[in-house]
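Every letter in the sequence shown is one number past the one before it in this note's numbering, and letter 201, counting from 1, is 233.
One structure below.
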Amino acid sequence: MTRRPAASAILPAMLLAAVAGCVDAPKQRSAPSRWTSNTSFSGPDARACLSDLGRQQANFTPLQDQYFGAGCSALNAVRLAALRSDDSRLALTNLGPVTCPLAHAISGWARFGVDRAARQILGSPLARIETMGSYSCRKVAGTNRLSGHASANAVDIAGFVLADGRRITVLRDWDNPSPQVRAFLSSVRTSACKRFGTVLTPNYNAAHRDHFHLEVADARPLCR
């Protein structure tokens, strides 16, 4: 009789297949102090980013540049209404302005890193990504350095809702007893580390126990 491989042997292979398919202070917005007369989507790099985002079939609206007090701003930003997977629409919740490069990274990650991992590991497509917001004029907790959120270059991801109704959250499921659920969250985290400059998870500190902090940044990559 041929023996079936143990689940512990199957999961790593599933995880690799999924991957191959592809801190802050309380959120409080300051009132805008100035609006520019023109958007900054006139440059070639900005136009190219919007064009790429359109080819990804994201539903978005370009926003006028916004300058806030205390060095905070939202430049080259868009408002994302929805994303696309291989064959369906992906909803987003609680997402404010994000820079176009961040929107581009989120779009690719959602399709290739999250939806495909959900299908391959959990057996159901992704339906919705739940966020804790993007732009917020604040500093990194315990420092005088502005957070990536202060320039709309970061988003906090709280959880994922699958097409079959299951809801996977970072807070509840990071240490879930189910190996499949843990493999899914590990896979989407690994995929995020390939697309974002900074990725912070519950492994980083207690402030991230309930979300993934995803940020596009020019600094040295950080994946914790």
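For every residue, glycine included, the Cβ atom is placed at its ideal position computed from N, Cα and C.
Measuring only the C-alpha atoms, how far is Ala80 from Phe228?
19 Å
Take Val172 as the anchor and find which of Leu246, His181, Leu127 has the nearest alpha-carbon.
His181
Does Cys255 come out as helix, strand or coil in the three-state DSSP assignment?
strand
Between the beta-carbon of Cys132 and the beta-carbon of Ala150, is there less than 9 Å?
no
Answer yes or no: do Asn235 and Arg256 have a C-beta to C-beta separation smaller than 9 Å?
yes
Among Gly103, Gly140, Asp118, which one has its Cα closest to the Cα of Leu85?
Gly140
Comparing alpha-carbon positions, which option in Val202, Glu162, Arg177 lies nearest Ala113?
Glu162
Supposed contact pair Val193 and Gly145 - C-beta distance, whole angstroms, cut 8 Å:
Not a contact, Cβ separation roughly 16 Å.
Secondary structure of Val187, DSSP reduced to three states:
strand
With a CB to CB cut of under 6 Å and the five nearest residues on each side skipped, what residues in its chain are close to Asp128?
In the sequence as presented, Asp is not what sits at residue 128; that position holds Gly. Closer than 6 Å at Cβ, skipping near neighbours: Gly165, Ser166, Tyr167.
Report back the beta-carbon spacing between Pro157 and Ser120 to the nearest angstrom; my notes put them in contact at under 8 Å.
6 Å
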